[in-house]
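Start counting at 1 in the sequence shown, then tack on 1, and there's your number in my numbering.
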Amino acid sequence: MPGEEAVSVEAGPGHLLVRLDREHNTLDNALVYGVLSALDTAEADPRCAALVIHARGPVFCSGMPLRADAELPAGWADDAAQPPPWHLFQRLTQAPVVTVAVVEGAASGGGVGLAAACDLVVAGAAARFRLTELLLGLVPAMALPFIARRTGPQVARRLALTCGEISQEEAVPIGLADFATGDPAPLLRRLLVSLRRLDRDAVGALKSYLRTAAPVPDGLASVARDLLVQRMQAPSVAERLRTLHQEGLLG
2 MPGEEAVSVE AGPGHLLVRL DREHNTLDNA LVYGVLSALD TAEADPRCAA LVIHARGPVF
62 CSGMPLRADA ELPAGWADDA AQPPPWHLFQ RLTQAPVVTV AVVEGAASGG GVGLAAACDL
122 VVAGAAARFR LTELLLGLVP AMALPFIARR TGPQVARRLA LTCGEISQEE AVPIGLADFA
182 TGDPAPLLRR LLVSLRRLDR DAVGALKSYL RTAAPVPDGL ASVARDLLVQ RMQAPSVAER
242 LRTLHQEGLL G
């Protein structure tokens with residue numbers, strides 16, 4: 002709906018709850034910067050141990066916004082800065098608070114990357130994960146490094162090539178989720194109690210150490226941006242996007 006806020010934020014004991022509030026929760030700048038702002042708030046509060054991302058409706062996050070004219074959102078093709086989704090994913094991996102994604106519906110494309118960038122992923126009974134980019138002639142360049150960090154490179158390759166849907170039951174064994182539950186609320190409450198006991202400086206040190214142990218190559222953000230721009234400019238991609246919009250399959 003026009004004017005609808007992308008995210009809402011609620012403070013709880015020792016945590017910040019970030020709710021994605023729109024119907025499809027596309028990974029546009031409003032959503033990206035809304036979550037980044039919540040991260041800033043969480044990091045500035047020494048009493049905050051965790052930041053939880055969940056969605057209001059049946060779609061956790063549907064990935065990057067796809068327009069009929071194949072135009073990218075502002076700043077995504079900017080040579081002078083990291084693309085906003087990459088910046089968000091990286092911040093989620095670096096924040097000194099524990100980042101938790103609660104996925105109770107569909108996560109597709111960059112939405113899988115959003116969940117995968119979090120330290121912990123809770124999958125509800127209706128959770129579904131799917132990389133759909135290759136069906137459009139695109140490449141999941143922004144999301145894939147953060148997915149591979151969880152699943153390993155070969156599973157990430159399979160997810161990208163098959164474009165298959167991963168259920169809750171499948172997500173945990175391959176590392177895409179850490180917990181599977183019919184009702185995430187009780188599990189989340191217990192998890193947040195446990196996370197409040199942690200030393201936040203130690204959490205930050207652990208996450209810094211893990212980044213050093215398994216670093217993302219320097220310059221990969223620029224490579225991902227350039228590949229996205231290149232694919233979006235391909236005539237076949239533009240034609241597919243126009244067709245999908247005409248058929249009402251893209252918002």
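For each residue, glycine too, the CB sits at the ideal point set by N, CA and C.
Asked                                                                                       : Found
Meets three-Cβ-pair contact criterion under 8 Å: the stretch 17-34 and the stretch 55-67    : yes
Cβ distance (whole Å) where A7 is taken to contact A43 below 8 Å                            : 17 Å between Cβ atoms; not a contact.
Check whether R197 and A78 have beta carbons under 8 Å apart                                : no
Pair within 8 Å by beta-carbon distance, L177 and V53                                       : no
Bridge-paired residues (DSSP) for A107                                                      : V60 and R129
Proximity of V173 and A161 at Cβ, strictly below 8 Å                                        : no
T244 to E11 span [Cα, whole Å]                                                              : 40 Å
Unbroken alpha helix (DSSP H) run spanning R68, endpoints                                   : Neither: R68 is in no alpha helix (DSSP H) and is coded neither H nor E.
Straight-line Cα distance separating A144 from G110                                         : 7 Å
Close beta carbons around D41, own chain, < 6 Å, minus the five adjacent residues each side : none
Which residues DSSP lists as bridging A12, in chain order                                   : L17
Supposed contact pair L115 and A107 - C-beta distance, whole angstroms, cut 8 Å             : No, A107 and L115 are not in contact; Cβ-Cβ is about 12 Å, not under 8 Å.
Within 8 Å, strictly: CB atoms of P86 and G205                                              : no
M2 versus S38 - alpha carbon distance                                                       : Low confidence applies here, because M2 scores a pLDDT of 39, under 50, leaving its location unreliable; read the following figure in that light. Distance between the alpha carbons of M2 and S38 is about 22 Å.
Cα-Cα separation, G58 to G125                                                               : 13 Å
Expected contact under 8 Å - CB spacing of R201 and Q95 to nearest Å                        : Incorrect: roughly 14 Å between the Cβ atoms, too far for contact.
The beta strand (DSSP E) enclosing A124, as first and last residue numbers                  : L121 to A124
Reduced DSSP category for T182 - H, G, I as helix; E, B as strand; rest coil                : coil
Three-state secondary structure assigned by DSSP to I148                                    : helix
Short Cβ contact (8 Å threshold) for V99 with A50                                           : yes
Start-to-end residues for the alpha helix (DSSP H) that takes in G35                        : N30 to A45
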